[in-house]
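Working notes, structure below.
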Amino acid sequence: MPTGTETALGRPGPAEADTTLVVVTGLSGGGRSTVARALENVGFYVVDNLPQALMLDMAELAFKAGGAARRTAMVLDVRSRAFSTDLAGAIRELRERGFQPRVVFVDADDEVLIRRFESVRRSHPLQGDGRLADGIAVERALLEEARDQADVIIDTSHLNVNQLRRRVEELFGGEDARRLRITVLSFGFKYGLPPDADFVMDARFLPNPYWVPELREHTGREEAVSAYVLGQEGADAFVAGYADLINATTAGFEREGKRYLTVAVGCTGGKHRSVAIAEELATRLRGSGIAANAQHRDLGRE
């Protein structure tokens, strides 16, 4: 007779789903260590530099140990000699055993990664006798499939350590971590599109407070700018339409297993219109019972 934790096929049953597994990977210099520390701060047992071949063994140990180990994060590093490119296969094996791992991929622009390595006078672990850019290119190719398999991609190009830590704590800190969580991210088009955006809203059709002298030096988080932006013709319908769209799709995303959604709101510089719209949209989503927060990528860059 199978035990309570085994199926007739001898595989662990759905009880393993009670074990929260997070797999962290991504580019060297992207911020994996910061993510690992943030996960520790919210109660995860973190195993750093774990060989990919040991992922299933670690998951089963966490399940059997119970207690705090039921929230385990495994950090995969290409510097491990046991690292392979078949992360998709390892994740599939975990799911076949009844686990529900969530994959976090930490990324950043090449130029940012190069600056980070140069600032600490370190070579890239895969550059060999070549340049930093060569090592980054090799690693990107090695991790391409892992990035495609990720549940959430965190681009750290414009995040400092504290911002990255807060993002991880928002994603994994609550008891309702299995719910869909929405980040409404303001940005400036002149600084580029957020690469991790699922939806992109363009607020540049609204008049720009930059051209109003008494508003220019203020931001969309301040009442005067927010009132100006949201009082423009079409602004309320714009926010309401996107709130309705997100409300209509949330249940479907949750059924499909998506846990994190990034809605990006852009204006020219990411200071006025996009910030006000992002704050208002996040407020309306929270009013609908959705876990949403507003973040502002480019605020303060001007």
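The working numbering applies: residue -11 is where the sequence shown begins, and numbers increase by one.
Don't be surprised by glycine CBs; every beta carbon is placed ideally from N, CA and C.
Item to complete: Give, in chain order, every unbroken run of the alpha helix (DSSP H) that is at least 4 residues long and sits entirely within the stretch 196 to 251.
Response: Fully enclosed alpha helix (DSSP H) runs of 4 or longer: 211 to 218, 223 to 243.
Fill in: Boundaries (first-last residue) of the alpha helix (DSSP H) holding Leu101
Along the sequence shown, one-based indexing puts residue 101 at 113. Following the DSSP letters along the chain, one finds Leu101 inside the alpha helix (DSSP H) bounded by residues 98 to 107.
Worksheet item: Can you name, in chain order, every residue of its own chain whose Cβ lies under 7 Å from the Cβ of Arg69, other than the five neighbours on each side?
Response: Taking the sequence shown and counting its residues from 1, the one referred to as residue 69 is at position 81. Caution applies to Arg69, whose pLDDT of 44 falls short of 50 and renders its modelled position unreliable; the value that the coordinates give is listed next. Take Arg69, set aside five residues on each side of it, and no residue of its chain has a beta-carbon closer than 7 Å to its own.
Item to complete: Helix, strand or coil for Arg119, going by three-state DSSP, please let me know.
Response: Looking up residue 119 in the sequence shown gives position 131. In the structure shown, Arg119 adopts coil according to DSSP, grouped into three states.
Worksheet item: Considering only C-alpha positions, which residue in the set Gly258, Ala53, Arg90, Leu218 is nearest to Leu181?
Response: Walking along the sequence shown from the start, residue 181 turns up at place 193. When Gly258, Ala53, Arg90, Leu218 are compared, the shortest CA-CA separation from Leu181 is found for Gly258.
Worksheet entry | Buried or exposed by the 16-neighbour rule on C-beta atoms within 10 Å, applied to Leu49 | Walking along the sequence shown from the start, residue 49 turns up at place 61. Classification of Leu49: exposed, given that the 10 Å Cβ count is below 16.
Fill in: Proximity winner among Asp45, Thr60, Arg135, Met46, relative to Ala26 (alpha-carbon distances)
On the sequence shown, residue 26 is found 38 positions in, with the first residue counted as 1. Among Asp45, Thr60, Arg135, Met46, the Cα nearest to that of Ala26 is on Thr60.
Worksheet item: Which one of Leu269, Ala228, Thr8 has the shortest CA to CA distance from Arg209?
Response: Position 221 of the sequence shown, counting from 1, holds the residue named residue 209. Checking every option, the nearest Cα to that of Arg209 belongs to Leu269.
Item to complete: Indicate whether His146 and Ser16 have their beta-carbon atoms separated by less than 8 Å.
Response: Against the sequence shown, residue 146 aligns to sequence position 158. Against the sequence shown, residue 16 aligns to sequence position 28. Ser16 sits away from His146, with the two beta carbons spaced by 8 Å or more.
Worksheet item: Taking the C-alpha atoms as reference points, what is the distance between Arg128 and Asp186?
Response: Against the sequence shown, residue 128 aligns to sequence position 140. Against the sequence shown, residue 186 aligns to sequence position 198. Distance between the alpha carbons of Arg128 and Asp186 is about 21 Å.
Worksheet item: If you check the beta carbons only, do Asp97 and Ile142 fall under 8 Å apart?
Response: The count along the sequence shown starts at 1 and reaches residue 97 at position 109. The count along the sequence shown starts at 1 and reaches residue 142 at position 154. No, they are not a contact pair.
Worksheet entry | Ala279 in three-state terms, based on DSSP | Position 291 of the sequence shown, counted from the start, is the residue given in the question as residue 279. Collapsing the DSSP output to three states places Ala279 in a strand.
Worksheet item: Buried or exposed: where does Val213 fall if 16 or more other Cβ atoms within 10 Å of its Cβ makes it buried?
Response: Start at 1 with the first residue of the sequence shown, and residue 213 comes out as number 225. With a 10 Å radius around the Cβ and a threshold of 16 neighbouring Cβ atoms, Val213 comes out buried.
Worksheet item: Rounded C-beta distance between Gly19 and Val94? I'm assuming under 8 Å.
Response: Taking the first residue of the sequence shown as 1, we reach residue 19 at position 31. Taking the first residue of the sequence shown as 1, we reach residue 94 at position 106. Their Cβ separation, rounded to whole angstroms, is 5 Å, which keeps Gly19 and Val94 in contact under 8 Å.
Discussion item. Can you find the residues in the same chain that come closer than 8 Å, C-beta to C-beta, to Leu273, ignoring five residues on each side of it along the sequence?
Written reply: One-based indexing of the sequence shown puts residue 273 at position 285. Excluding residues within five positions, the ones whose Cβ falls inside 8 Å are Ile170, Val172, Ala231, Ile234, Asn235, Ala280.
Worksheet item: Hey, Thr7 and Ala41: beta-carbon distance below 8 Å or not?
Response: The sequence position of residue 7 within the sequence shown is 19, counting from 1. The sequence position of residue 41 within the sequence shown is 53, counting from 1. It is not a contact, given that the beta carbons lie outside the stated cut-off.
Worksheet item: Would you call the CB atoms of Arg243 and Asp139 closer than 8 Å?
Response: Translated into positions along the sequence shown, residue 243 becomes position 255. Translated into positions along the sequence shown, residue 139 becomes position 151. At least 8 Å separates the beta-carbon of Arg243 from that of Asp139.
Item to complete: On a CA-only basis, which of Leu120, Leu82, Phe87 is nearest Val100? Give me that one, please.
Response: Translated into the one-based positions of the sequence shown, residue 100 becomes position 112. The alpha carbon of Val100 has as its nearest neighbour, out of Leu120, Leu82, Phe87, the alpha carbon of Leu120.
Worksheet entry | Length of the line joining the Cα atoms of Ala228 and Tyr216 | On the sequence shown, position 240 is the one that residue 228 refers to. On the sequence shown, position 228 is the one that residue 216 refers to. Each residue's Cα considered, the two are about 17 Å apart.
Item to complete: Out of Val11, Ser107, Val188, Val126, state which residue places its alpha-carbon closest to the alpha-carbon of Arg116.
Response: Here residue 116 refers to the residue found at position 128 when the sequence shown is read from its first residue. Residue 116 is actually Gly in this sequence, not Arg. Residue nearest to Gly116 within the set Val11, Ser107, Val188, Val126 is Val126 (criterion: CA-CA distance).
Item to complete: Taking the CB atoms as reference points, tell me whether Ala53 and Asp36 lie closer together than 8 Å.
Response: In the sequence shown, the residue the question calls residue 53 occupies position 65. In the sequence shown, the residue the question calls residue 36 occupies position 48. In this structure, Ala53 keeps its C-beta atom at 8 Å or more from the C-beta atom of Asp36.
Practice prompt. Can you tell me the Cβ-Cβ gap for Arg90 and Val10, rounded? I've got them flagged as a contact below 8 Å.
Written response: Here residue 90 refers to the residue found at position 102 of the sequence shown. Here residue 10 refers to the residue found at position 22 of the sequence shown. Contact holds; Cβ gap of about 5 Å.
Worksheet entry | Test item: CB-CB of Ala191 and Arg261 under 8 Å | If you number the sequence shown from 1, residue 191 lands on position 203. If you number the sequence shown from 1, residue 261 lands on position 273. In this structure, Arg261 lies closer than 8 Å to Ala191 by Cβ.
Worksheet item: In the structure shown, what three-state DSSP assignment does Arg154 receive?
Response: Translated into positions along the sequence shown, residue 154 becomes position 166. Arg154 falls in the helix class under three-state DSSP.
Item to complete: Would you grab the beta carbon distance between Phe241 and Leu168 for me? Rounded to a whole angstrom, and I think it's under 8 Å.
Response: Translated into positions along the sequence shown, residue 241 becomes position 253. Translated into positions along the sequence shown, residue 168 becomes position 180. The pair is a contact, with the Cβ atoms about 5 Å apart (cut-off 8 Å).
Discussion item. If you measure between the beta carbons of Thr22 and Leu75, is that distance less than 8 Å?
Written reply: Position 34 of the sequence shown, counted from the first residue, corresponds to residue 22. Position 87 of the sequence shown, counted from the first residue, corresponds to residue 75. Leu75 is positioned such that its CB atom lies no closer than 8 Å to that of Thr22.
Practice prompt. Answer with buried or exposed for Gly176, where buried requires no fewer than 16 other C-beta atoms within 10 angstroms of its C-beta.
Written response: As a working note, residue 176 is residue 188 in the sequence shown. With 16 or more Cβ atoms within 10 Å of its Cβ, Gly176 is classed as buried.
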